[in-house]
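For reference, the structure discussed in these notes is given below.
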Amino acid sequence: MGFNMGFEFSKKSIDKIKETLLKYPEKEASLLPVLHIAQDEFLYISQDVINLVALTLDIHPSRVKEVATFYTMYNKKPVGKYHIQLCRNISCSLRGSSNIKEQLEKILNIKAGETTSDGKFTLSTVECLGACGTAPVMQINDKYYENLTTDSLKTILDSLS
Ligand code: FES
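Be aware that the sequence shown starts at 187, since it is given in our numbering, and climbs by one per residue.
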């Protein structure tokens, strides 16, 4: 199956995984949090990461891949230092998320799905982020930005170094 033997979790991630495993009755049930730990360390879920997670949890790589592919919160390709995930679902679109998207594309000079040439920003559109009451919403790495207006975007992006 072509494992990359030099590819391993850091000690910090291994400790987190051990802690996570204690919370679940079966290893497979911890797949989502373990994928999070993997993404925190490796930034995106490559085939090497899939194999490593499979090996760690003793489940088949195809199962890991299936789950990682299903959820948009897992990056399947490299992303920039700041990953902007703009909600495109109903509440956000009713409150102007397409204008926000256009404005972001203009400021960053990329289209949704792309990364700026300096590797700083990736722009993605995603399904509901669970903050519909404060639509439109985007998430940049772990932080939420709510009640967005086209005017607020430049300030938000400028605040990220
Ligand atoms: S629809 Fe955008 S956060 Fe729910």
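Every residue gets a Cβ at the ideal spot worked out from N, C-alpha and C, and that includes glycine.
Between the CA atoms of residue j and residue i - distance to the nearest angstrom
i	j	result
Val306	Leu346	Before going on, a small fix: residue 306 reads as Lys here, not Val. Lys306 and Leu346: Cα-Cα distance of roughly 9 Å.
Asn327	Lys262	15 Å
Ser283	Met324	9 Å
Ser199	Glu288	37 Å
Ile296	Asn285	15 Å
Thr258	Pro219	14 Å
8 Å contact criterion, which residue i and residue j should meet: CB distance rounded
i	j	result
Leu315	Leu290	Contact flag wrong, Cβ pair sits at about 15 Å.
Ser216	Leu229	Contact flag wrong, Cβ pair sits at about 20 Å.
Thr242	His269	The Cβ separation is near 24 Å, so there is no contact.
Ala321	Thr311	That belief does not hold up - the Cβ atoms of Ala321 and Thr311 are roughly 14 Å apart, past 8 Å.
Glu300	Asn275	About 21 Å; that fails the 8 Å criterion.
Ile231	Tyr210	Actually they are not in contact, since the Cβ atoms of Ile231 and Tyr210 sit about 20 Å apart, beyond 8 Å.
Endpoints, the alpha helix (DSSP H) within which residue i is located
i	result
His222	Leu217 to Phe228
Val312	Element bounds for Val312: not the alpha helix (DSSP H) but the beta strand (DSSP E), Phe307 to Val312.
Asn237	Gln233 to Leu243
Gly278	With the sequence shown as reference, residue 278 is identified as Cys, and Gly is not the correct amino acid for it. Run containing Cys278: Ile276 to Leu280, per the alpha helix (DSSP H) assignment.
Residues sharing a beta bridge with residue i, DSSP
i	result
Leu294	Answer is none; Leu294 lacks a bridge partner.
Met259	Looking at the DSSP assignment, Met259 forms no beta bridge with any residue, so it has no partner.
Ile270	Leu309 and Ile326
Tyr331	Met324
Thr341	Bridge partners of Thr341: none, in fact.
Thr301	Thr308
Any chain C beta carbon closer than 8 Å to residue i
i	result
Ile293	Included in the structure is just one protein chain, with no chain C present.
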